[in-house]
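Visitor: Numbering (this note's numbering), first residue to last: 60 to 312.
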């Protein structure tokens with residue numbers, strides 16, 4: 060069991076660091092290994108938290124600096140995550156919510172495909188004035204979603220930073236790692252208080268997640284935005300199918 064968790068965690072760590080959605084692998088695996096969905100959701104956060112410390116270190120080792128901006132949006136997401144984690148600790152997924160989210164993700168895929176065919180040059184980052192506050196508000200709501208359901212949060216973080224702040228996809232990933240640390244800390248407190256964490260499985264999973272995150276953070280810096288964009292598109296398609304047809308993934312492992 061430990062080897063399976065570490066292997067799945069490694070793959071998920073790569074996916075989470077370059078794009079997002081690695082929890083589509085880890086959550087079903089944890090449930091397959093016997094955890095109730097709500098406890099699997101909380102246990103997954105242990106690996107996510109540790110993973111993003113390694114992601115942040117990996118990006119920093121390659122010269123990608125995100126401070127202090129990442130702190131501000133991270134704090135905003137933290138407050139949103141308190142609300143989301145409270146909901147997630149009591150309820151899990153709602154079918155109507157999932158289908159609405161699936162439609163949103165399909166629309167985002169078309170946006171990303173259209174954008175990839177259009178030459179876009181980002182000459183400056185829009186992280187001051189009204190754009191700063193737009194991002195603060197956006198990250199509060201992203202935090203709510205992230206606190207409730209981890210899967211796919213990274214995708215929304217990257218899209219917000221890139222579309223509103225005009226921040227490169229690679230740097231957006233580095234900011235994402237810091238933001239996830241903030242809101243995952245708050246979410247973990249809620250899950251721990253409600254006895255929704257299996258720490259042994261969470262720490263085992265974290266070994267794989269962290270290794271994948273360290274590798275992917277350093278690798279993606281050299282490959283640039285094109286790699287991140289196509290990773291995003293692929294993960295958005297997979298997530299939209301999973302959300303609309305959850306029964307297809309029920310026996311994935």
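No residue lacks a Cβ here, since even glycine has one placed at the ideal position from N, Cα and C.
Give a yes or no on whether the C-beta atoms belonging to residue 217 and residue 231 are separated by under 8 Å.
Guide: In this structure, residue 231 lies closer than 8 Å to residue 217 by Cβ.
Visitor: Examine the Cβ distances between the segment 65-83 and the segment 195-205 and report whether three or more of them are shorter than 8 Å.
Guide: Judged by Cβ distances under 8 Å, the segment 65-83 makes no contact with the segment 195-205, as fewer than three pairs qualify.
Visitor: What is the rounded straight-line gap between the Cα of residue 311 and the Cα of residue 189?
Guide: Only weak support is given to the placement of residue 311: the predicted model assigns it a pLDDT of 43, under 50, and the value that follows is read from those uncertain coordinates. Looking at the two C-alpha atoms, the distance is approximately 44 Å.
Visitor: For residue 51, count neighbouring Cβ atoms within 10 angstroms of its own Cβ and tell me buried if that reaches 16, exposed if not.
Guide: Nothing in the structure corresponds to residue 51, since the chain is present only between 60 and 312.
Visitor: Since residue 212 is in the alpha helix (DSSP H), which residue starts that stretch and which ends it?
Guide: Element bounds for residue 212: 212-222.
Visitor: By Cβ distance, which residues of its chain are closer than 7 Å to residue 296, with the 5 residues on each side in sequence left out?
Guide: For residue 296, where only same-chain residues beyond five positions count, the Cβ hits under 7 Å are 168.
Visitor: Indicate the three-state DSSP secondary structure (helix, strand or coil) for residue 254 in the structure shown.
Guide: Residue 254: coil per DSSP, three-state reduction.
Visitor: Between the C-alpha atoms of residue 256 and residue 83, what's the straight-line distance to the nearest angstrom?
Guide: Roughly 18 Å separates the two Cα atoms.
Visitor: Check for me: the alpha helix (DSSP H) holding residue 67 runs from which residue to which?
Guide: Unbroken alpha helix (DSSP H) run through residue 67: 61-77.
Visitor: Could you tell me the alpha carbon to alpha carbon distance between residue 144 and residue 241, rounded to whole angstroms?
Guide: Going from the Cα of residue 144 to the Cα of residue 241 covers about 13 Å.
Visitor: Kindly list the residues whose CB is nearer than 7 Å to the CB of residue 211, restricted to its own chain and excluding five residues on each side of it in sequence; keep chain order.
Guide: Within the same chain, residue 211 has close Cβ partners 79, 80 and 298.
Visitor: Does DSSP put residue 81 in a helix, a strand or coil?
Guide: Note: residue 81 maps to coil in three-state DSSP.
Visitor: Can you tell me which of the three DSSP states residue 277 falls into?
Guide: Note: residue 277 maps to helix in three-state DSSP.
Visitor: Is residue 288 helix, strand or coil by DSSP?
Guide: Residue 288 falls in the helix class under three-state DSSP.
Visitor: With residue 97 as the anchor, note down where its alpha helix (DSSP H) starts and where it stops.
Guide: Start and end: 96-120.
Visitor: With a cut-off of 8 Å, do at least 3 Cβ pairs link the segment 272-290 to the segment 222-238?
Guide: As far as the Cβ criterion goes, the segment 272-290 touches the segment 222-238, which means the pair count is three or higher.
Visitor: Can you name, in chain order, every residue of its own chain whose Cβ lies under 7 Å from the Cβ of residue 102, other than the five neighbours on each side?
Guide: Here the set comprises 89, 94, 256, 257, 260 and 261.
Visitor: For residue 223, tell me which candidate among 214, 239 and 197 has the shortest Cα-Cα distance.
Guide: Selected option, being the one with the closest Cα: 197.
Visitor: Does any residue of chain C have a CB that is nearer than 8 Å to the CB of residue 261?
Guide: Although the question refers to chain C, the structure presented lacks it and comprises just one protein chain.
Visitor: Can residue 146 be considered in contact with the ligand MN, in the sense that its beta carbon sits closer than 7 Å to one or more heavy atoms?
Guide: As far as ligands go, the structure on display features none, and thus does not contain the ligand MN.
Visitor: Within this structure, are the beta carbons of residue 220 and residue 234 separated by less than 8 Å?
Guide: The answer is yes: Cβ separation under 8 Å.
Visitor: Are there 16 or more other CB atoms within 10 angstroms of the CB of residue 282, so buried, or fewer, so exposed?
Guide: Counting Cβ neighbours within 10 Å, residue 282 comes out exposed, since fewer than 16 surround it.
Visitor: On the CB-based measure, 16 or more other CB atoms within 10 Å of its CB, does residue 139 come out buried or exposed?
Guide: Classification for residue 139: buried.
Visitor: Starting from residue 189, trace the alpha helix (DSSP H) both ways and give me its first and last residue.
Guide: First-last of the alpha helix (DSSP H) with residue 189: 189-207.
Visitor: Just to confirm, are residue 111 and residue 272 a CB contact at a threshold of 8 Å?
Guide: Yes, the Cβ-Cβ distance between residue 111 and residue 272 is below 8 Å.
Visitor: Just confirm the distance between the C-beta atoms of residue 239 and residue 107, as a whole number of angstroms; I'd bet it's less than 8 Å.
Guide: Right, the Cβ-Cβ distance comes to about 6 Å (below 8 Å), so this counts as a contact.
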